[in-house]
Amino acid sequence: MVRRKRAWLLANAATVLATAVAAGGTAGASEAQSSTDVADNRRLIEEIQGLQERIAELERRSATNARDSQPHADLADAHRVDRTIADVVADAERRSHLSLEGFTAGYSGGRFVIQSEDGNYLFSPSALVQFRYVANFADGVSSDGDGSFESGFEVRRLRLMFEGNFGSPNLSYFFQWNTGVNGGALVMDQAWVRYAFAGTPFAVRFGAYVNGWDHETAVNIGRQLAVDRSVVNYVFSTGVTGVENYVQGIELQYQAVDEWRASVMLHDGYLSRNTNFQNQAATAPAIGIVNPGGGTAGRFEYKLAGDWRDYTDFTARGTKKDLLVVGGGFNFDTADNLNALMYTADVQWEPSSVRGLSVYAAFVGMSRDFRSVPAGQTGSPNDWGFVAQAGYALSPAWEVFGRYSFTKLDDAGPGTLGNAARVNDTIHEIAAGVNYYLMDHAAKFSLDVLFLPEGSPLDMPGIGIIAQPTADPQAAIRAQFQLAI
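According to mature numbering (1 follows the signal peptide of the UniProt record, and there is no 0), the sequence shown holds residues -22 to -1, 1 to 463 in order.
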């Protein structure tokens, strides 16, 4: 009977130990097993091997020694072995539970998450891909005045992202990489950490992030209404570079009440992502910024009605009550050759009385003060523009939209923008299209048509527009499938 009990305990110990070791291996898929755990497992295996040898010795002695005192000694030894095996079983079970409890993983709130039971630790991986077809028709492009036709496919964006919080929801982070549309090189776009001071309306964010002084830039590219942002945004926010205005810096955020919020930041200058402390930022030659040296930006938003979550995109799908938000912002940059001030005022409206309707309008301006200019040109040009767009959800899946934007370039300013040698210094953009939502913004198909009745003096291939030396018309067809995992 004693031998059977010992054998059962020994088998149970081995089974539980194997379970603990397997659990440790499973946990290692998200976090490598520590060297201490490995050493403890080895010690347990050695103890069980020693117990096996001891039991074999006791059984041999029991079979060969028939003295009256020997069974009592064997029984005492057996009790000690039983206690040791029970301790091993309890320790292995404890390790098994500690390896598995307290964390959950799954798909929640439209994203994949791994998080602790209390939510203090959270990790969420995601990805965004936009596969696009563009066909462009432009008159007056060639030297003999003939038109041109260009078409083709492109992976406009492929982004990989990690986000979450560490130790507390007050300490959050976001990392993003993007592949280049030409060559596919992986580039870091954003890497920031945000800390919200408990019990106060203040939070601070630092790292590399989008300079969202204007609302159209602040709205994620995967949550736009049309296939891409407007010409006005491409000119004033990206500087005709085709790259979102990522900067490196520190930002102070404030929101004491639900109705309004504000932020102000110090940054290394226009397009300063992926640069060191020497401020060797990328230039934006189209707007005349060379070697940015630093800057500041700010944004203020006031919500007259609605929920802030409905303000994170330009569609009214899913909006259940009135949304009305007005905002304004600025960005000031200093560079080797100029100082530049950009400013905006905007409004977004989604009325519940017309379910599915969304309206957005913005005015954007830019004043530049050049330190030296060629003869016959002004050193302080002013450029401006506005955009107005609307969308209407025909059903939960189908949505139609339209947009008009106007850009006025100062024809007396130096640099590419407003260069007096150009035939045309105004850009009229007319866009119309349709969205089909398979799974909200996570999977959708978009189709739109752009028409520029007076063409474009600027090259903007990122949104399907090419430069023309004449004021002839230009049109583009864009079709895009988006998958946000």
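Glycine included, each C-beta is placed from N, C-alpha and C at the ideal position. As the structure is a computational prediction, the values presented were derived from the model and not from experiment.
Where residue i falls, given that 16 or more other Cβ within 10 Å makes a residue buried
i: Q30; result: exposed
i: N254; result: exposed
i: T4; result: Because T4 carries a pLDDT of 44, less than 50, the predicted location of this residue cannot be relied on, and no value is offered for it.
i: N160; result: exposed
i: F131; result: exposed
i: Y280; result: exposed
i: residue 520; result: A question about residue 520 goes unanswered here, because the residues of the chain that appear run from -22 up to 463.
i: S86; result: exposed
i: Q458; result: buried
i: I265; result: buried
i: A204; result: buried
i: residue 471; result: Residue 471 is absent from the structure shown; the chain starts at -22 and stops at 463.
i: V197; result: buried
i: W191; result: buried
i: Q460; result: buried
i: F127; result: exposed
i: I463; result: exposed
i: S331; result: exposed
i: Q256; result: exposed
i: E95; result: exposed
i: M166; result: exposed
i: A(-1); result: Note on A(-1): pLDDT 47, under 50, position unreliable in the model; no value is reported.
i: E35; result: exposed
i: R39; result: exposed
i: S434; result: buried
i: L249; result: buried
i: R61; result: exposed
i: A68; result: exposed
i: S8; result: Its pLDDT being 42, under 50, S8 is placed unreliably in this model, and the value from its coordinates should be taken loosely. Looking at its Cβ environment, which holds fewer than 16 other Cβ atoms inside 10 Å, S8 is exposed.
i: R20; result: exposed
i: R135; result: buried
i: V235; result: exposed
i: R349; result: exposed
Residue from the options with nearest C-alpha to residue i
i: R346; options: D314, V337, P431; result: D314
i: P246; options: G433, V188, R135, V165; result: In the sequence as presented, Pro is not what sits at residue 246; that position holds Asp. Cα-wise, what sits closest to D246 is V188.
i: G271; options: E222, I265, R134, L316; result: L316
i: S129; options: L395, R110, P147, F310; result: R110
i: A113; options: I463, V351, I267, R456; result: R456
i: E25; options: V66, N413, H419; result: V66
i: F341; options: F214, L106, A453; result: F214
i: P439; options: G220, V332, D300; result: G220
i: V218; options: V165, L387, A462; result: L387
i: F153; options: G125, S104, H193, V133; result: S104
i: Y414; options: F379, I441, G284; result: F379
i: Q452; options: Q108, G125, L136, W286; result: G125
i: G284; options: D291, D69, F292, D300; result: D300
i: A240; options: V304, V107, M166, A445; result: V304
i: Y232; options: A176, E222, A454; result: A176
i: Q367; options: R39, A64, R134, Q202; result: Q202
i: E194; options: R135, D324, M344; result: D324
i: L302; options: G88, Q326, R381; result: Q326
In DSSP terms, what residue i is bridged to
i: A420; result: In the DSSP output, where bridge partners are listed per residue, A420 has none listed.
i: I443; result: M438
i: A340; result: D324, V365
i: D34; result: In the sequence as displayed, the identity of residue 34 is Ala instead of Asp. BP columns for A34 are empty, so no partner.
i: N360; result: S345
i: Q233; result: Its beta-bridge partners do not exist; DSSP assigns none.
i: T82; result: Q93
i: H57; result: In DSSP, H57 forms no bridge with anything.
i: T157; result: L164
i: R333; result: Its beta-bridge partners do not exist; DSSP assigns none.
i: P103; result: F140
i: N114; result: E128, A454
i: A186; result: A169, Q226
i: L430; result: Q452
i: T404; result: K386
Residue i beta carbon near the ligand ADP (any heavy atom closer than 7 Å)
i: W327; result: The ligand ADP is not part of the structure shown, which contains no ligands of any sort.
Worksheet item: Can you find at least 3 beta carbon pairs, one from the segment 208 to 223 and one from the segment 356 to 366, that sit closer than 8 Å?
Response: yes
Next on the checklist: My parser needs the beta strand (DSSP E) runs of 3 or more residues fully inside the segment 241 to 321; what are they?
Outcome noted: 270 to 283, 301 to 313
Is it true that the segment 265 to 282 meets the segment 169 to 184, where meeting means three or more beta-carbon pairs spaced less than 8 Å apart?
no
Worksheet item: Are the segment 78 to 97 and the segment 409 to 416 touching by the rule of at least three beta carbon pairs closer than 8 Å?
Response: no
query: Where are the alpha helix (DSSP H) runs, 4 residues long or more, that stay fully inside the segment 189 to 230, in chain order?
result: 193 to 196, 209 to 214
### At least 3 beta-carbon pairs within less than 8 Å: the segment 139 to 146 vs the segment 114 to 121
no
Open item on the list: Using 8 Å as the cut-off, can you tell me whether the segment 366 to 381 makes contact with the segment 287 to 304, which would need three or more C-beta pairs spanning the two stretches below that distance?
Closed with: yes
Okay, do the segment 88 to 103 and the segment 429 to 439 touch, 3+ Cβ pairs below 8 Å being the bar? No, they do not touch.
| Stretch pair the segment 303 to 312 + the segment 149 to 169: three plus CB contacts closer than 8 Å | no
Practice task
Say whether the segment 222 to 238 touches the segment 410 to 425, bearing in mind that this needs 3 or more beta-carbon pairs closer than 8 Å, one atom from each stretch.
Solution key: Under the 8 Å Cβ criterion, the segment 222 to 238 does not count as touching the segment 410 to 425, having fewer than three qualifying pairs.
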